[in-house]
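Take the sequence shown: its position 195, counted from the start at 1, is 211 in our numbering, and no numbers get skipped. Idealized CB from N, CA, C, for every residue including glycine. Computed from a predicted model, the values in this text were never measured in an experiment.
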Amino acid sequence: MSDSIIIIPTYNEIENIEKMIRKVFSYDKDFHLLVVDDNSPDGTAQQVKELQSEYPNRLFILERPGKNGLGTAYKAGFDWCLTKDYSYIFEMDADFSHNPDDLIRLYKACTKEGVHLTIGSRYCKGGKVKNWPIMRILMSYFASIYVRMILWIGIKDTTAGFKCYTREALEKVNYDIIPFKGYAFQICMKYGVRKHKLGIVEVPITFVDRQRGTSKMSSGIFKEAFFGVWKMRKMKL
């Protein structure tokens, strides 16, 4: 039984998912992988199910009836993982913007430093962003500054989605009450870990914009995060 599982939410990731699955399972470290698919019309879920026979007892899938947002996908994934014996639960995108080679670095940062959340960070020392237009880089960077000013969270990359939680962190944070569906969910989870005074470390990564498939970013997701940080201050996480 592996001590680590990676949650990958998907919607129309047929161009990336097989390659990502094979890459994750190519490492010496025995990772398990849970795909949470929101009824992708492009056949993403079917592709995963075909690969399950090749990776029995390592590759799992949760199929949901429709597209309902990143936050709800992760909550469903957390619930599923916590019914098993995993000690480390990862979040990662399917599109290779998060380099799976960095999984080991996030894992070691958790295990060796004894913290409860490690973050693949674009904005800590050594972190980088590639292939993003300058305006998107600036928007993301200053969004993190904005969040830090309001929440005093002490994290450079507040919207990062490449993370490793310990089981204890997910058992303590009351993620069920988080109403956000987009990047605000990622901010709120980090805030919850911080409020419980659990250790957090940022690990520098190079974030590379997706080469295949379509970004799920929208103005609605941005607005939810912009206004949502004020609501987080009053939440009993």
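So what's Trp-135 in DSSP terms, helix, strand or just coil? For the sequence presented, residue 135 should be read as Ile rather than Trp. Ile-135 falls in the strand class under three-state DSSP.
Touching by the beta-carbon criterion (3+ pairs, under 8 Å), the stretch 183-201 and the stretch 76-94: yes
Are the CB atoms of Ile-23 and Phe-112 within a distance shorter than 8 Å? no
Whose C-beta lies closer than 7 Å to the C-beta of Ser-137 among residues of the same chain, with five residues either side of it excluded? Gly-143, Lys-172, Asp-173, Ala-176, Glu-218, Val-219, Pro-220 and Ile-221
Whether or not the stretch 235-244 and the stretch 120-138 are in contact is what I'm after, with contact meaning three or more pairs of Cβ atoms, one per stretch, closer than 8 Å; do they touch? no
Beta-bridge pairing of His-48 - partner residues as DSSP gives them: Ile-21
Residues of its chain near Phe-41, where Cβ-Cβ distance is below 8 Å and the 5 sequence neighbours each way are ignored: Phe-47, Leu-49, Tyr-71, Arg-74 and Leu-75
Residue interval of the beta strand (DSSP E) (run including Thr-182): 179-182
Which of the three DSSP states is assigned to Pro-116 in this structure? helix
Taking the C-alpha atoms as reference points, what is the distance between Asp-44 and Lys-250? 43 Å
Assuming Asp-58 contacts Asn-28 under a Cβ cut-off of 8 Å, what Cβ separation, rounded to an integer in Å, is found between them? 5 Å
Helix or strand or just coil, what does DSSP make of Tyr-71? coil
How many angstroms separate the CA atom of Ser-18 from the CA atom of Lys-141? 31 Å
Using beta-carbon positions only, say whether Glu-34 and Ala-61 come within less than 8 Å of one another. no
Can the beta-carbon of Lys-100 be found closer than 8 Å to that of Val-224? no
Would Met-165 and Cys-204 qualify as a contact pair, given that the criterion is a beta-carbon distance under 8 Å? no
Using only alpha-carbon positions, find the residue among Gly-215, Asp-192 and Leu-67 that is nearest to Lys-252. Asp-192
State the DSSP-derived secondary structure class of Asp-196, mapped to helix, strand or coil. According to the sequence shown, residue 196 is Phe rather than Asp. The answer is coil: DSSP assigns Phe-196 none of H, G, I, E or B.
Applying the criterion that 16 or more other CB atoms from any shown protein chain within 10 Å of the CB defines a buried residue, is Phe-94 buried or exposed? buried
Go through its chain and collect everything with a Cβ distance to Lys-179's Cβ below 6 Å, but skip five positions before and after it. Glu-107 and Ile-135
Assigned secondary structure, Glu-107 (DSSP; H/G/I helix, E/B strand, else coil): strand
With DSSP as the reference, label Asp-53 as helix, strand or coil. strand
Tell me which same chain residues have a C-beta within less than 7 Å of the C-beta of Tyr-207, skipping the five on either side of it? Leu-167, Ile-169, Met-248 and Leu-253
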